[in-house]
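Heads up, the sequence shown is in UniProt numbering, so the first residue is 1 and it goes up one at a time.
No residue lacks a Cβ here, since even glycine has one placed at the ideal position from N, Cα and C.
Since we're looking at a predicted model, the values are computed, not measured.
Working notes, beginning with the structure itself.
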Amino acid sequence: MTGDIRALLARHLPDYRVRSVSRLGHGLDNFVYEVNDELLVRRSRVADPQANRQEVARLAAVRELSPLPVPEVVFADDETGTIAYRKLPGTPLNQHRNGNLTPAALAEPLGAFLSAIHGAIPGTMRDLAPLDVYPAPTLLQDAELDYRDVEQHVPEAQRPLVERFLHHDPPDEPPSLRFCHNDLGAEHVLVDPATSTITGIIDWTDAAITDPAHDFALIYRDLGPDVFELTLEHYEFTVTEEDRERILFYARCALIEDLAYGLSTGPRHYADAALTHLPWTFQ
């Protein structure tokens, strides 16, 4: 596969000298490669030319909206479902090991970022992002199926917390939808290891017109209630009790999904993080 990446680079960047190509990882939909410690090349498992063009246009729009850096497209190859970006500085937050990182250092930029993204007029983004209206009852059913597959891996003392959630009624549907990152987990927030400041937001593949509670849910799940509450203080829109209910609901569903993914076909670190974050997500 690295040979295919070299061929794409030669086609689109004929004067660019390729010294190294290495595969960084993969998700459900994509493989990601690093080139010369300068470029990241994302290749879809199944090429969708329309989706590829849409993502390139979406990133251009997001770069105009976001107060935080987002990837800059160097080239796109719609036929193979490939997009190459300039590599942003920083380390994914889930790999950050600097103990100086404080909730305040994350909350203020995240609050400003979400205010800007969620503030986009949904109608202007409809051609750039799909509509995501997956019903809450279906999410809960999916979560229960996933949990039954991995129940034995959850500490026995914490199982009643999860099972109580699974037997609750799902929340009402959101009153309005906004443009969202829609996958704002810690692995997609880059931070400077030296200064512990946010240096970028990556992976906009799942961006959609959807419930903004989805973005806050992953902040709650991955960064905890303290960062979540501080982020709300820097968010310019009102968050109601009904919004909070949906945020917690999505956070719990997403944690169960990550636990199942990390224990089956995905990288193990997803499951490890889910088990670490389970106590505060299901408190």
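Strand pairing of residue i, partner residues [DSSP]
{"i": "residue 76", "result": "83"}
{"i": "residue 30", "result": "44"}
{"i": "residue 179", "result": "209"}
{"i": "residue 21", "result": "35"}
{"i": "residue 190", "result": "92, 200"}
{"i": "residue 131", "result": "209"}
Counted within 10 angstroms of its Cβ, other Cβ atoms place residue i as buried (16 or more) or exposed
{"i": "residue 268", "result": "exposed"}
{"i": "residue 145", "result": "exposed"}
{"i": "residue 121", "result": "exposed"}
{"i": "residue 265", "result": "exposed"}
{"i": "residue 97", "result": "exposed"}
{"i": "residue 171", "result": "buried"}
{"i": "residue 85", "result": "buried"}
{"i": "residue 42", "result": "buried"}
{"i": "residue 28", "result": "exposed"}
{"i": "residue 66", "result": "buried"}
{"i": "residue 168", "result": "exposed"}
{"i": "residue 279", "result": "exposed"}
{"i": "residue 52", "result": "buried"}
{"i": "residue 14", "result": "exposed"}
{"i": "residue 8", "result": "buried"}
{"i": "residue 46", "result": "exposed"}
{"i": "residue 82", "result": "buried"}
{"i": "residue 235", "result": "buried"}
{"i": "residue 263", "result": "buried"}
{"i": "residue 37", "result": "exposed"}
{"i": "residue 211", "result": "buried"}
CB contact flag (residue i, residue j, <9 Å)
{"i": "residue 116", "j": "residue 252", "result": "no"}
{"i": "residue 161", "j": "residue 93", "result": "no"}
{"i": "residue 254", "j": "residue 147", "result": "no"}
{"i": "residue 136", "j": "residue 244", "result": "no"}
{"i": "residue 233", "j": "residue 107", "result": "yes"}
{"i": "residue 198", "j": "residue 109", "result": "yes"}
{"i": "residue 20", "j": "residue 101", "result": "no"}
{"i": "residue 68", "j": "residue 201", "result": "yes"}
{"i": "residue 71", "j": "residue 59", "result": "yes"}
{"i": "residue 217", "j": "residue 273", "result": "no"}
{"i": "residue 203", "j": "residue 80", "result": "no"}
{"i": "residue 39", "j": "residue 24", "result": "no"}
Whole-number beta carbon distance between residue j and residue i, since they are thought to touch under 8 Å
{"i": "residue 78", "j": "residue 12", "result": "Incorrect: roughly 12 Å between the Cβ atoms, too far for contact."}
{"i": "residue 35", "j": "residue 26", "result": "About 16 Å; that fails the 8 Å criterion."}
{"i": "residue 111", "j": "residue 231", "result": "5 Å"}
{"i": "residue 258", "j": "residue 250", "result": "About 12 Å; that fails the 8 Å criterion."}
{"i": "residue 282", "j": "residue 158", "result": "7 Å"}
{"i": "residue 73", "j": "residue 56", "result": "5 Å"}
{"i": "residue 114", "j": "residue 226", "result": "Residue 114 to residue 226, Cβ: 17 Å. No contact."}
{"i": "residue 125", "j": "residue 61", "result": "7 Å"}
Minimum Cβ-Cβ distance from residue i to chain D less than 9 Å
{"i": "residue 254", "result": "Judged by its chain identifiers, the structure shown contains no chain D, having just a single protein chain."}
Open item on the list: Pairs of beta-carbons, one from the stretch 217-226 and one from the stretch 148-162, closer than 8 Å: are there three or more?
Closed with: no
Open item on the list: Taking contact to mean 3 or more Cβ pairs, one atom from each stretch, closer than 8 Å, check whether the stretch 169-182 and the stretch 198-208 are in contact.
Closed with: Here the stretch 169-182 makes contact with the stretch 198-208; the two share three or more CB pairs at distances below 8 Å.
TODO: Say whether the stretch 233-245 touches the stretch 124-135, bearing in mind that this needs 3 or more beta-carbon pairs closer than 8 Å, one atom from each stretch.
DONE: no
Open item on the list: Does the stretch 74-93 come into contact with the stretch 166-176, if we say contact requires no fewer than three beta-carbon pairs (one atom in each stretch) closer than 8 Å?
Closed with: no
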